[in-house]
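The numbering of the sequence shown is our numbering, which starts it at 11 and goes up by one. Ideal Cβ positions, reconstructed from N, Cα and C, are used throughout, including at glycine.
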Amino acid sequence: MNTLLTTFGPSEVLIQGGENGASSELLSLLKSAQSTSSRSMRIERVNDTEMFPKSTAVDPAIRKQMERRSSHVKPWDVDETLQELHRRGYYPRSSRKADSSG
11 MNTLLTTFGP SEVLIQGGEN GASSELLSLL KSAQSTSSRS MRIERVNDTE
61 MFPKSTAVDP AIRKQMERRS SHVKPWDVDE TLQELHRRGY YPRSSRKADS
111 SG
């Protein structure tokens, strides 16, 4: 991990917060890399559950597009994250891999 951090020098590292979050050893390693890095590196905690308020967009179409199914989001839940990425169209259909079975 230390080699990875010193070789690539990320500007931001996301770690899981909360009860099942990053270990104290990992956090210590990240803080050490942060203090010795020539570039600034942010360490951000993402909680098991995050709350997002309702959209306040003036345009109803934009507001509807911005709304999530629930104000409580679980960013570490793979299925929920993929559903949101597809719902919002982050990956266009043209980016899908071609079917190699045929």
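Asked	Found
Outcome for G112 when other beta-carbon atoms lying within 10 angstroms are tallied against a minimum of 16	For G112, the pLDDT reaches just 49, beneath the cut-off of 50, and the residue's location in the model is therefore unreliable, although a value from the coordinates is still provided. Exposed, because fewer than 16 other Cβ atoms sit within 10 Å of the Cβ of G112.
Extent of the continuous beta strand (DSSP E) run through E22	22-26
Opposing strand residues paired with R55 [DSSP bridges]	I25
Close beta carbons around R52, own chain, < 6 Å, minus the five adjacent residues each side	E22
Within 8 Å, strictly: CB atoms of L24 and V56	yes
Limits of the alpha helix (DSSP H) - the one that M115 falls within	As displayed, the chain neither begins before 11 nor continues past 112, which places residue 115 out of reach and without an answer.
G112 in three-state terms, based on DSSP	Below a pLDDT of 50, predicted positions are generally treated as unreliable, and G112, at 49, falls in that range; no measurement from the model is reported.
Under the three-state DSSP convention, the category V83 falls into	strand
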